[in-house]
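Residue numbers (the numbering used here), protein chains in the order written: chain A, 223 to 557; chain B, 223 to 557.
Idealized CB from N, CA, C, for every residue including glycine.
Number of protein chains: 2
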Amino acid sequence: MITIKEVAQHAGVSVRTVSRVLNNNPHVAEATRNQVLSVIQELDFRPSAAARYMRTGQSQLIGFLTDELAQNAFGYDLIIGAQQAAWEHGKLLFLLNTNNDPEVEARAINMMRDYQVEGIVYATIYHRQIKHSQFPKDLPTLLVNCFADDRSLPSIVPDEIAGGRLATETLLKKGHRRVGFVSIAAKEPAPLGRLEGYRQALASFDIPYDEALVRFIEEPFEGLANSTYDSVLSLLQMPNPPTGIFCFNDLMVLGAYDAIRKTSLRIPEDVAVVGFDNVEILAAQVHPPLTTVELPNFEMGQLAVRMLLGLEETNRGGRPVQHMIHCPLIERKSV
Amino acid sequence: MITIKEVAQHAGVSVRTVSRVLNNNPHVAEATRNQVLSVIQELDFRPSAAARYMRTGQSQLIGFLTDELAQNAFGYDLIIGAQQAAWEHGKLLFLLNTNNDPEVEARAINMMRDYQVEGIVYATIYHRQIKHSQFPKDLPTLLVNCFADDRSLPSIVPDEIAGGRLATETLLKKGHRRVGFVSIAAKEPAPLGRLEGYRQALASFDIPYDEALVRFIEEPFEGLANSTYDSVLSLLQMPNPPTGIFCFNDLMVLGAYDAIRKTSLRIPEDVAVVGFDNVEILAAQVHPPLTTVELPNFEMGQLAVRMLLGLEETNRGGRPVQHMIHCPLIERKSV
DNA sequence: TAAACCGTTGCCAACGATGGCAAGGACTGA
DNA sequence: TCAGTCCTTGCCATCGTTGGCAACGGTTTA
Chain A
223 MITIKEVAQH AGVSVRTVSR VLNNNPHVAE ATRNQVLSVI QELDFRPSAA ARYMRTGQSQ
283 LIGFLTDELA QNAFGYDLII GAQQAAWEHG KLLFLLNTNN DPEVEARAIN MMRDYQVEGI
343 VYATIYHRQI KHSQFPKDLP TLLVNCFADD RSLPSIVPDE IAGGRLATET LLKKGHRRVG
403 FVSIAAKEPA PLGRLEGYRQ ALASFDIPYD EALVRFIEEP FEGLANSTYD SVLSLLQMPN
463 PPTGIFCFND LMVLGAYDAI RKTSLRIPED VAVVGFDNVE ILAAQVHPPL TTVELPNFEM
523 GQLAVRMLLG LEETNRGGRP VQHMIHCPLI ERKSV
Chain B
223 MITIKEVAQH AGVSVRTVSR VLNNNPHVAE ATRNQVLSVI QELDFRPSAA ARYMRTGQSQ
283 LIGFLTDELA QNAFGYDLII GAQQAAWEHG KLLFLLNTNN DPEVEARAIN MMRDYQVEGI
343 VYATIYHRQI KHSQFPKDLP TLLVNCFADD RSLPSIVPDE IAGGRLATET LLKKGHRRVG
403 FVSIAAKEPA PLGRLEGYRQ ALASFDIPYD EALVRFIEEP FEGLANSTYD SVLSLLQMPN
463 PPTGIFCFND LMVLGAYDAI RKTSLRIPED VAVVGFDNVE ILAAQVHPPL TTVELPNFEM
523 GQLAVRMLLG LEETNRGGRP VQHMIHCPLI ERKSV
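Written out as C-alpha cells, the structure is:
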C-alpha cells in the first residue's frame with residue numbers, strides 16, 4: 223500500500239505538501255502541485271480513509287439499517303435513493319439488514335458506532351411506529367417509513383391518506399360511483415390511512431360510505447393475492463357490483479385481475495382497477511398495465527440522507543420534522 | 223467519544239492492559255480483567271474501528287458492488303446472503319450500486335480501496351461476461367452471476383443448463399410430450415444455457431427438438447409479460463399445441479397465465495407451466511402458485527463472501543474456481 | 001543463596017494522515 | 001539597504017489503538 227510518505231519522497235517534497243495538495247489547500251505553488259499530482263497518479267496513491275478519519279473525525283460513513291426491507295422487493299429503491307444521495311456528497315453507505323431481530327439490531331448499531339458513522343437511517347418495510355429508545359441519543363438518526371413513539375426523531379413517511387384519496391378519486395373522476403376497496407385487516411398506518419383517504423374521496427363526491435363495498439383480508443397475509451381473488455369475486459357477485467376497485471397494494475391486484483377475468487368482465491371497460499405501491503415488475507407487467515399510486519421510495523431514501531447530512535430542515539419549531547411524502551399517481555391502462 | 227485512555231484512567235491501569243482485555247490476551251489477571259470490563263461497560267466504551275485498522279491493517283470491510291442488481295427485485299436475496307455471511311464473521315458490507323456506469327464503477331472501486339476493503343464482491347443482475355481489467359489485481363475479487371473474460375477471477379454462476387434441463391424434465395416426467403419453451407432472443411449465458419438444457423431434456427426422453435415449439439422474444443424487453451402473452455397464445459393456437467410450457471423467467475409467466483386463461487384452458491390440468499428464478503412475489507402469488515426453478519441468490523451471496531474470506535476453496539489446480547451453482551426445483555401447483 | 005523463570009504490567013513507538021506553527025526566500029516600499 | 005509582507009514549504013505533534021520490549025515481584029530450581 224502506497225502512503226503519503228512515499229508520494230512525498232518520490233515528488234521530492236514534504237509530507238505536509240502532499241497533504242496540502244490532497245486537500246486543495248491554496249498554499250501550494252502550481253508547479254509543485256502538478257509535480258505531486260503526477261506522482262500520485264503514477265503511484266496510484268489513494269489516501270487511507272481510516273488514517274484520515276483519525277485526524278479529522280469525519281468518517282464519511284452513513285449507516286443504513288433496515289428491518290426486513292432489504293429482503294423484500296418492495297423497498298429496494300429506497301436503498302438506491304439513499305446510496306445515490308450519499309454518493310453525491312462523497313459519503314458511503316453501510317447496509318445492515320436486521321431481519322427485525324432486536325438483538326441483531328442492537329449489535330448492528332454498535333458496529334456502526336465502531337465505524338463512527340455520521341448518522342443512521344433506519345428504514346422499515348411497513349409503515350409503523352417504533353420505539354425511540356433503541357437508538358443512541360448521541361447519533362443523528364432518521365426514520366423512514368416509520369416514526370418514533372414519542373416523535374423525538376425526524377421521520378419520513380408516505381402520506382397514506384392523501385394516497386388513498388388520490389387512488390379513489392382517480393376512479394370517481396372517471397365516473398365510477400360504486401367503488402370497492404380491498405384492504406388488509408391490520409391496525410397500521412397504511413391500511414388505516416388509505417381507508418381514511420378512500421372515505422374522504424367518497425365524501426368529497428357526496429357518495430355515502432358503503433361498508434358492503436369494503437373488504438378486509440385477515441392475517442396471515444401469505445396468500446394475499448389469492449385472498450384478494452376471493453374478496454373481489456364476492457364484490458363482483460353483489461347485486462349492485464362496483465365498477466371500480468381500489469386495491470391496497472399492487473400484489474393484491476394479481477388476485478383482483480384474476481377475479482375480474484373469471485367473471486368475464488373487461489379491464490378497464492367493465493371494471494377499473496387502481497393499485498398502490500407501484501412495484502414495477504407487477505404494475506408495469508400485468509395486463510393491462512396497472513394505474514397505481516406510487517410509494518416514492520427512491521425519493522424517500524434520497525431525502526433521508528439529505529436530511530441526515532443537514533442539507534434539509536430536520537427541525538421545525540424545536541420539534542423533529544415528521545415529513546409526509548406525497549404519493550403521485552402513475553397512470554397506465556387499468557382505469 | 224470515549225477512548226481507551228479514559229477507560230485506563232478510570233480503571234486505574236495502563237492503556238496497554240485495557241488493550242489486552244479488549245483483545246482477549248491471556249496475560250491479564252482475572253481481577254484486573256473484570257475491573258476493566260466493568261469500566262468499559264459503565265462508560266459504554268467501544269474501540270474505534272479506524273484506529274484499530276491503523277495498527278492491525280484489518281479493516282473488516284467487504285465491498286459489495288452491483289451493476290443494476292440492487293435496483294431490481296430479482297437480486298436482493300443475494301445481498302442479504304452476502305451480508306449475513308459477512309456478519310457471521312464480524313465483517314461489514316459496503317454496498318455500492320453502479321447502475322452499470324463504468325465511470326461510477328471505477329470511482330466506486332477507488333472508494334472501496336480508500337476504506338481498505340479486504341475484498342470485493344461484484345454481482346451482476348444478468349448472467350454475463352465482464353472484463354477482468356476493471357478490477358485491481360491486488361484486491362481479492364469475487365464475481366457473482368458473471369465471469370471474467372479470461373477466467374482470471376473466481377466466479378459463482380448458476381448452472382443454467384442443468385436448470386433448463388430440470389425445468390423441462392419436470393414437465394416431461396408428468397407425461398407431457400409437447401413442451402413449449404418461451405425465451406428471449408439474446409446471446410447470453412442464461413437464454414443459451416436454458417435452451418441447451420431444454421434440448422438435453424428432450425433428448426433424454428427421446429423427443430425430437432421441434433423449433434415450432436420454441437419462441438424467442440426480441441428486444442426491447444420492457445413489456446416482457448405482454449410479449450410472452452402473444453407467444454404463448456400463438457403456441458396454444460397451433461394445430462398440435464403443447465401441453466406444457468417452460469418460461470424463461472417468472473415474470474413471463476404472468477403473460478403465459480393470461481394467454482392460457484384466454485383460451486379457456488386450465489392450469490395445470492390442460493397446460494402445465496414451469497418458470498425460472500423463483501421470484502417470491504410472483505411465483506408464490508400467481509394463481510395457481512408457480513412451480514419454478516430457483517435461482518439460489520441467497521446461497522450465492524453467502525458463498526461469495528465465504529470464498530472471499532478464504533473459508534472455501536477459490537483455486538483449483540492453479541486456476542480460479544468457476545463455481546456452477548445448482549438451481550433446485552420449487553414445486554408449487556402449476557404442474 | 002543466586003539464578004532462572006513465570007505471570008502480570010507499563011512504556012513507548014508505530015500505523016497514515018492532518019494542521020499549527022515557524023522558517024526560508026522573494027518581493028515590495030520607504 | 002533594510003524592515004515588512006507574502007508566498008511557499010517543512011517540522012512535528014496528534015488522532016486511538018496495538019504490540020514489542022522491558023521491568024516488576026514472587027516463586028522455583030540448582
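Near chain A, meaning a CB-to-CB distance below 9 Å, the residues of the stretch 307–319 of chain B are Trp309, Gly312, Leu314, Leu315, Phe316, Leu317, Leu318, Asn319. Counting the other CB atoms within 10 Å of its CB gives A/Asp432 a total below 16, which places it among the exposed residues. Close partners of B/Pro269 in chain A (Cβ separation under 9 Å): Asp336. From the beta-carbon of A/Met333, the residues of chain B found nearer than 8 Å are Leu314. DSSP places A/Ser405 in the uninterrupted beta strand (DSSP E) bounded by 401–406. Proximity of chain B to A/Met460 at the Cβ level (cut-off 7 Å) is not reached, the minimal Cβ distance being about 22 Å. Of all residues in the stretch 521–546 of chain A, none places a beta-carbon less than 8 Å from a beta-carbon of chain B. B/Ala370 does not reach chain A, its nearest Cβ partner there being about 21 Å away, counting only Cβ pairs nearer than 8 Å. Excluding the 5 residues flanking it on each side, B/Cys469 has same chain C-beta neighbours closer than 6 Å at Val404, Val475, Ala478, Gly497, in chain order. Taking C-beta atoms as the reference points, A/Ala272 and A/Phe286 fail to come closer than 7 Å. B/Val515 is not a Cβ neighbour of B/Ala481, given a cutoff of 7 Å.
At least one C-beta of chain B is nearer than 7 Å to the C-beta of A/Tyr298. When Cβ-Cβ separations below 7 Å define contact, B/Ala447 makes contact with chain A. Pairwise C-beta distances place the stretch 535–555 of chain A in contact with the stretch 364–378 of chain A, as three or more of them are shorter than 8 Å.
Looking only at B/Ile406, B/Tyr344, B/Leu394, the smallest Cα-Cα distance to B/Pro362 is reached by B/Tyr344. Counting C-beta pairs closer than 8 Å gives three or more between the stretch 382–395 of chain A and the stretch 415–422 of chain A, which meets the contact rule.
Rounded to the nearest whole angstrom, the C-alpha separation of B/Ile342 and B/Ile284 is 6 Å.
Look at the beta carbons and you see the stretch 231–243 of chain B touching the stretch 257–272 of chain B: at least three pairs across the two are nearer than 8 Å.
Scanning its chain for C-beta atoms nearer than 7 Å, with the 5 sequence neighbours on each side dropped, one finds around A/Ala308 the residues Ile284, Leu314, Leu315, Val527, in chain order.
Within 9 Å of the CB of A/Asp499, no CB atom of chain B is found; the nearest one sits about 11 Å away.
Contacts with chain B at 7 Å (Cβ-Cβ) do not include A/Tyr420. Contact note: A/His509 reaches chain B through Ala447, Asn448, Tyr451, Leu476, Gly477, Asp480, using a C-beta cutoff of 8 Å and chain order. By the CB criterion at 7 Å, B/Ala494 and B/Val557 fall inside the cutoff. Residue-level contact by beta carbon holds for B/Gln305 and chain A, with a gap shorter than 7 Å.
Closest option to B/Asn246, judged by alpha-carbon separation, among B/Asp499, B/Ala408, B/His232, B/Leu259: B/Leu259.
The C-beta distance from A/Met522 to A/Ile547 rounds to 6 Å, short enough to fall under 8 Å. Ranked by Cα distance from A/Asn519, the options A/Ala233, A/Met276, A/Val229, A/Asp299 are led by A/Asp299. The residue from A/Ser426, A/Ile352, A/Lys227, A/Ala412 with its alpha-carbon nearest to that of A/Asn322 is A/Ile352. Taking a Cβ-Cβ cut-off of 9 Å, the neighbours of A/Arg483 in chain B comprise Asp480, Arg483, Lys484, given in sequence order.
DSSP places B/Glu327 inside the alpha helix (DSSP H), whose first and last residues are 324–336.
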